[in-house]
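Be aware that the sequence shown starts at 0, since it is given in numbering that gives the first Met the number 0, and climbs by one per residue.
Each residue gets a CB set at the ideal place from its N, CA and C atoms; glycine is no exception.
Just so you know, these numbers come straight off a predicted model, no measurement behind them.
Step one of this worksheet: look at the structure below.
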Amino acid sequence: MVGGKEPGLRARHMILWYRPGKDRPRQVSLGAGMLRVLAGFVILIAIALILETVFYASLARRAIEQHRLAKENAELRRELARVDQLESELRELQRFGYQVKRSLTEGADLDRILKARKAAVGEALPRGRAVSPWTPNSGTGEEDLIAEAFEGVRLGALWRVANLPDRWPVVGFLTRGFEISAVDPAHSHTGLDIAVPRGTPVRAVADGVVVAADWSSRLGNRVILDHGGGVLSIYGHNEMLLVRPQDRVKAGSPIALSGTSGISTAPHLHFEIWVDGRAVDPRALLPERGEDYGLRKKG
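Here's what the structure looks like:
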């Protein structure tokens, strides 16, 4: 290639190139204007390539950002669903907390019951340590205690079926049924009152562990059995208790003698069943007339 100016003419550039097998080189003469046009064209192509690169880089960044935002939104939706679930569980615990405070009334030692339950399943109680009575405003975190007390309430349907009560604790006359008041929960009756003679043996309705055998101002001498799978049974107004905390009992074994302790005007047994932290009507679980246990009909 040769570049130069032709004499006596305006400045021009000559381009020569040789082709193999040809004797004469081929030449092209370009003026300054044409060179500027070519240079401008090259510059435009370079600018276009740069802009295209910037554009696609921007698209790539935007796609990455959108993917990140979509992932964060999915995580936020999962977290919101989890928060909704936790709020629902908290409301359930709060409702259950009211029922627990009602069943474990005035000075009931919830902390001791929790420790007894742990010891019954193999965790040793610390020696030489006093346990303070639990009160509604003790600041121990009642939701945590309630959750701990019923930490195993969902162990599977088969486990629960195997531990559901299947017999009555006494044979007697029903004097008051199961009553839940949505208007005034304080006046609900979360169990059955069964009239029996004083000293009638009160029997466990299923295999279980004694988590409480103590005094309640409302139920008097009271026994609470944990049957596993979230199932509890409560026996109140007893004359005498025959078991102690941490004892393991078999279905049908005597755990107390009926009486009139606590708030009671005549000998009877107050009997409750709780499943998953909710009081249920024992008549929905137990047979209408058992061979050994059941409610008698008046008349």
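Item to check | Backbone secondary structure at Thr174 - three-state DSSP | outcome: strand
Item to check | Environment of Ser257 [buried if 16+ CB atoms lie within 10 Å] | outcome: buried
Item to check | Inter-residue Cα distance where the pair is Leu231 and Lys70 | outcome: 44 angstroms
Item to check | C-beta contact flag for Gly219 and Gly261 at 8 angstroms | outcome: yes
Next on the checklist: Here's the rule: buried if 16 or more other CB atoms are within 10 angstroms of the residue's CB, otherwise exposed. What is Glu178?
Outcome noted: exposed
Checklist entry - Does the distance from the C-beta atom of His267 to that of Val209 stay below 8 angstroms? => result no
Checklist entry - Do you know offhand how far Gln65's Cα is from Thr52's? => result 20 angstroms
Next on the checklist: Checking 8 angstroms against the spacing of the C-beta atoms, do Gly190 and Glu271 come in under that value?
Outcome noted: yes
Next on the checklist: Less than 8 angstroms between the beta carbons of Leu163 and Leu241, yes or no?
Outcome noted: no
Item to check | Close beta carbons around Gly198, own chain, < 7 angstroms, minus the five adjacent residues each side | outcome: Glu238, Leu256 and Ser257
Item to check | Cα-Cα separation, Arg247 to Val279 | outcome: 23 angstroms
Checklist entry - Beta-carbon separation of Arg202 and Ala211 under 8 angstroms? => result no
Checklist entry - Tell me which same chain residues have a C-beta within less than 6 angstroms of the C-beta of Asp301, skipping the five on either side of it? => result What the structure shows of the chain is the stretch from 0 to 298, and residue 301 is not part of that stretch, so it cannot be assessed.
Checklist entry - Which residues mark the beginning and the end of the beta strand (DSSP E) in which Gly258 is found? => result It is not in any beta strand (DSSP E) - Gly258 carries neither H nor E in the DSSP assignment.
Next on the checklist: Taking a contact to mean a Cβ-Cβ separation below 8 angstroms, would you say His269 touches His236 in this structure?
Outcome noted: yes
Checklist entry - Could you give the residue range of the beta strand (DSSP E) that holds His226? => result Gly219 to Gly227
Checklist entry - Looking only at its own chain, which residues have a Cβ that is under 6 angstroms from the Cβ of Asp192, when we skip the five neighbours before and after it? => result Thr174, Arg175, His267 and His269
Checklist entry - Considering only C-alpha positions, which residue in the set Leu89, Ala56 and Val169 is nearest to Ile254? => result Val169
Checklist entry - In terms of residue numbering, what span does the beta strand (DSSP E) encompassing Ile233 cover? => result Val230 to Leu240
Item to check | Continuous beta strand (DSSP E) stretch holding His269: start and end | outcome: His267 to Val274
Next on the checklist: Using the three-state DSSP reduction, which class does Arg202 fall into: helix, strand or coil?
Outcome noted: strand
Checklist entry - Helix, strand or coil: which one does DSSP assign to Ile44? => result helix
Checklist entry - Is Val279 helix, strand or coil by DSSP? => result strand
Next on the checklist: Mapping the DSSP letters down to three states, classify Leu285 as helix, strand or coil.
Outcome noted: coil
Checklist entry - What's the gap between the Cα of Ala185 and the Cα of Leu75? => result 40 angstroms
Checklist entry - Asp246 bridges to which residues according to DSSP? => result BP columns for Asp246 are empty, so no partner.
Next on the checklist: Buried or exposed, going by whether 16 or more other CB atoms sit within 10 Å of the CB of Ser180?
Outcome noted: exposed
Item to check | Residues near Val274 in its chain [Cβ-Cβ closer than 7 angstroms; skip 5 each side] | outcome: Gly229 and Val230
Checklist entry - Bridge partners of Val208, per DSSP? => result Asp225 and Arg247
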